[in-house]
Each structure stands twice: as C-alpha cells, then as structure tokens.
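Each residue of the sequence shown is one higher than the one before, starting from 361 at the first, in the numbering used here. Beta carbons: idealized from backbone N, C-alpha and C, even for Gly. To start, the structure under review is shown below, and the notes come after it.
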Amino acid sequence: MTRTYLTKSRYIDGLRCEKKLWLGCHQRLSYEKALPFSVLDTGHRIGCGARALFPGGVEVTEKPFEHRAAVSRTAELMAENTAAIFEGAFEFQNIRIRVDILERLENGWGLREVKSSASASEEKGHVDDVAVQLYVLKGVGIDITSVELIHVNAEYCLDDNGIVWSEMLCRRNLTAEAMDRLAQVGNIVLQMFEVVERDEAPTVYATKSLCNNPYRCDYFDHCMGEKPDDWTGFLYRIHPNRLAALRAQGIESIPDIPEDFNLPEKQALALNCLASGELWVSDDLADVLSPLGPPAYYMDFETMAPGIPVYPGTRPYEKVPFQFSVHAIDVDGVLTHNAYLAEGVLHPGRAFAEALIAAIDHKNLPVVVYNKSFELGVLNTLCEMFTDLAEDLGGIMNNVVDLLPVVRDHICHPGFVTRRSLDAGTYSIKNVLPVLVPSMSYADLNGVTEGAEASRVFTGIVHGVYAGHAADDYRQQLLDYCAQDTLAMVEIQKALRALSHDRTMSA
Ligand code: SF4
C-alpha cells in the first residue's frame, strides 16, 4: 500500500486542524477549477506575475500527479544554468512540495514563496509555509541561503502603462524566521503522519471561530452538517467559552440549555423565543421605525476590490463601487426603482456618484440602508475623490438611516436561529428576509446571490473574460441581485411596521 504523503498545503491544514489534515488525505473534495478572478485565481495570477521578477526562469510544467517526472525535470534544470525555477518539485521523508520560485544565487539558492496577501502574516501560516519547504529542501541537500515571501504591495498605484510587477510586489526577507521555525518541523511532521495513518478522522469540535479563521475551511459544510439543527452554536455571537462550557455539560442543543445558565441578554431572548416558539417585539419598535419613512429611498451598493488593480489611479484591493440599486416609495406609497451598473471600461466612481445623486433627487427624505458602515464608507471615499460632488453626496450621507439595528435590537424571531445563519450571519438581510417576508428569498435568485460573487463577475466582465451573451447574462444577474437587496429592505420594513401595528393593537 502506498503511504499517504504530506504536501505543504496539508502541513498548513494540519497545523490548523488535524481533522482537516485527515479529511484532505482520505476524503478529498472533488477538484473544481478556480473561477476567473476568484480569490484562488487571483492568487494564481499574482504568482505568475511574480515570475517577471526572475528573468530567465523556467517553469516545471509537469502536473501534481506527475510528481516523479516533475522532480526529475527540476533536477535537470538545477544542473543546468537556469536562473530560476518555477514550481520546482522536491520530496523528502514522504513530503512533496512544489516551490513557487527557486532562485539561483551566487552562494546557494533562494526560496521564494508568493502570496496574494498585502503583508507577511503569522496567522495565515506564511512562516510555517516556508519552514516546511525549507525542511524538505535542506533534507534533499539543497543549500538554501535566503528565504523571501513575495507579497502584494498595498501602496502600489497603477498608472496608464499597466502593471509593473516589480513595484506591485514586495520581497520580505523571512530567512531568520524560517530558520528559527525549522527546528519544530521534524516533530510536527511525525505527529501529522501519525494522524493521517489513523483509520478514522480525529474528533475535532467544529466551531464558527475555528472553522472560519483565517478563512473558511473547505470542509465547513461537512463538519457543520454533523451539528444538530438546533445547535447551541447557532445562537447570535455566542462566545466560544460559553459554547465550551455548555459542551462540557453535554449540551449541544439550544432547548437543552438550563434556565440558570448565564447568557447575554440577546442570546437569552433567543432562547426564550425558541422555547415558546413566539416572536419578541420591543415596546419601541414603532418609534425606531418612524425616521425610516416612507416616503423614503432604499439604497444598496456593490463594489469590487481586485488584488491586481484594474483602473489607473487605484491600488491593490482598493474598493471601487460599480453598481447601485435605489428603490423609492413616495407619499402615496408608489414604489419606483432606479439602478446603475458600470460598463467597466473606465473607473466607475464618477459616473456612479453622478447617477446616485440623480437617483436620490429628494434631498430631505431618509435613505434606508442595511448596515450603514459599508455605504457610508463608499460615499466618504467618493466625496474625497470628487470634491465638486461632495455637497450632494454629503447630503445623501446625512440622510442615511440603518435598518439593521432596528431588526437586531427590536425583534427576535425563532426563525433567525437556524443553520442558514452560519453562511449569512444571524441578522444579515439574507437570513432575516425569508423569515420576515416568506414570499422572498435569495435562494430564488438565478446566478449571483452574494457580494463576493458580484465582485468576481464584474471583474471578469471588465477583463473581457465574460463577453457577448455571457456578459449580458451576468449583467442581468447583477442587476437582479442588487435590486433584490433594496426591495428586501422595502419588504422587511413593511413587515416590521405590521409587527409594530399588531403589538400596538394587542397592548
Ligand atoms: S470544518 Fe473545522 S473541524 Fe472541520 S475540518 Fe475544517 S477546521 Fe476542522
């Protein structure tokens, strides 16, 4: 039987969670090609861009399943006078690695790891990543005299001449950190092999904090699927210590939480709602709804933040608004809709701002948003960029009112505490909408259903990856998705008004 091997990804997975390490070896997820301009694809593009820093470099093109051939080809290139080797393959003690860039130096070799982050991060495992590669390379006798992490330079500003990779990327020397960490790798590797050689997956208690940091684990759905439908972890922002205290008492389901268990007010309220199956409505719901109109506007933005800047004058990961939806209800209760979706050729900021000012033409009406920090942040940036529009944009900002705290602080619905809250958050519009407005749900949308996907799709359109019918289809999906966000606010507010009315009548 072939012994399971480690890779640098498995090593990093194993440091985070031994169950992930085991599942990655024994229950591999089916391969899915990264979608254009997804996080993974952007990382790949940045990795390719970094090669521009090493002229004369040669890629080892053999695939991961051609590992032996890749190792041989790497050895050939090292024996020749190749200046740098991209994706060089090595194996030591059953650990297989592909090195992003191996740079030939006068006094040995340089290990270069490329990351799409804007800094070196211990939390994201960057030092461990280079340390395990160093372990393998030293193990096979390669003289590594320098280790660098090549990452995105957040200060880089794109000009009209296209990306200059030597400026867009920073080279951070991690030699000392990698050498220090090296001493731990051997023991960790032994422990990891002990884990992967078990017959069954190790028992690890999945929690939102463990499984979402520093990014969501690929096995999140698998592990969360093992939780009961009334899992204690579905309670809004329950602290990991409280979750652990409940678990220590053998309590996994919310209905089993004892009455005398100390919970913060919001969680205790949710517990009561679930126990009674009844909705809680605050005494002052009518008062807090009053400043939200109608008449009112309902406003939502979509932004992109590409790791590789698209528009001259922008930096990596800079937020660029490209779309808004505005619904309006007038004094007679008539609902109208206005939308803007950039073409994408030019920086959309100016056209976005002008279209928004035109769409919100009654300057004294409330502008309802859901989670105002996002929209206010975008408007603030637009004010700084276009000072001649700052007065009009400032007027919109002054009228912004936030529907999110009204929902969060003035009603509690048993329907909010569900598995769906894992993806969207307890008080997110996506979780709240189908509970308060059963006739509407984001699940009914076709295609784009969340902000990250909207951003990815628009970036693809800008780059011409999606053109013709594909671009038309995606543009319609974007319009539908953003319109749903503002219509959802209209309907949620209506539902809240009905609840407050019922409460007044029954008081
Ligand atoms: S979802 Fe959580 S518990 Fe499951 S493998 Fe991933 S990190 Fe581990």
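- Excluding five sequence positions before and after D769, none of the CB atoms of its chain fall closer than 6 Å to its own CB.
- Partner residues in the beta bridge of L465, as assigned by DSSP, are G468.
- In summary, T747 is exposed, with fewer than 16 beta-carbon neighbours lying within 10 Å of its beta-carbon over all protein chains present.
- A residue is called buried once 16 or more other Cβ atoms fall within 10 Å of its Cβ, and Q853 is buried on that count.
- Linking N724 to G709 through their CA atoms gives a straight-line distance of about 24 Å.
- In the DSSP assignment, M800 falls outside any beta strand (DSSP E) and carries neither an H nor an E.
- Distances from the alpha-carbon of D721 to those of H697, N513, A608 and L706 put H697 closest.
- Between the ligand SF4 and the CB of Y575, the shortest heavy atom gap is not smaller than 7 Å.
- Spatial neighbours of R464 in its own chain (CB-CB distance under 6 Å, excluding positions within 5 residues in sequence) are listed in chain order as A443.
- Counting C-beta pairs with one atom in each stretch, the region 595-603 and the region 572-583 have fewer than three that are closer than 8 Å, which means they do not touch.
- Not one heavy atom of the ligand SF4 lies closer than 7 Å to the C-beta of C772.
- Uninterrupted beta strand (DSSP E) stretches at least 3 residues long and entirely within the region 702-790 occur at 727-729 and 760-762, given in chain order.
- Nearest to E586 by alpha-carbon distance, out of N573, Y596, G407 and V564, is V564.
- Annotation for I821: no beta strand (DSSP E) segment contains it, though the alpha helix (DSSP H) segment containing it runs G811 to V822.
- In this structure, the CA atom of R675 is about 26 Å from the CA atom of D752.
- By the criterion of a C-beta distance shorter than 7 Å, L381 is surrounded in its chain by R370, D373, G374, M552, V555 and V556, once the five residues flanking it on both sides are discounted.
- Not one heavy atom of the ligand SF4 lies closer than 7 Å to the C-beta of Y371.
- Contact between the region 491-501 and the region 534-552 is established, with three or more Cβ pairs separated by less than 8 Å.
- In chain order, the residues that have a beta carbon nearer than 5 Å to some heavy atom of the ligand SF4 are C377, K379, K380, V564, A566, C571, C577, Y579, F580 and C583.
- Annotated three-state conformation of D488 is helix, per DSSP.
- Between V496 and A449, the C-beta gap is not smaller than 8 Å, which leaves the two residues out of contact.
- Taking a contact to require three or more Cβ pairs closer than 8 Å, the region 844-858 and the region 723-738 qualify as touching.
- Looking at the DSSP output, E638 sits in no beta bridge, so it has no partner there.
- Remark: C-beta atoms of A713 and L749 approach each other more closely than 8 Å.
- Contact between Y700 and A688 is ruled out by a C-beta separation of about 14 Å, above the 8 Å threshold.
- In this structure, M664 and T846 do not form a Cβ contact; the two beta carbons are roughly 19 Å apart against a cut-off of 8 Å.
- Under the three-pair Cβ rule at 8 Å, the region 473-481 counts as touching the region 500-516.
- For S479, same chain residues with a beta-carbon under 7 Å away, outside a window of 5 residues either side, are H511 in chain order.
- In the structure shown, A628 falls within a helical segment according to DSSP collapsed to helix, strand and coil.
- For W591 and T809, the gap between their C-alpha atoms comes out near 26 Å.
- In the DSSP assignment, E378 falls within the unbroken alpha helix (DSSP H) covering E378 to H386.
- E662 places its beta carbon less than 8 Å from that of S815.
- The beta carbon of R531 sits closer than 6 Å to those of E508 and I510, all from its chain and outside the five residues before and after it, given in chain order.
- The closest CA to that of Y671, considering only G522, T778 and A858, is found on G522.
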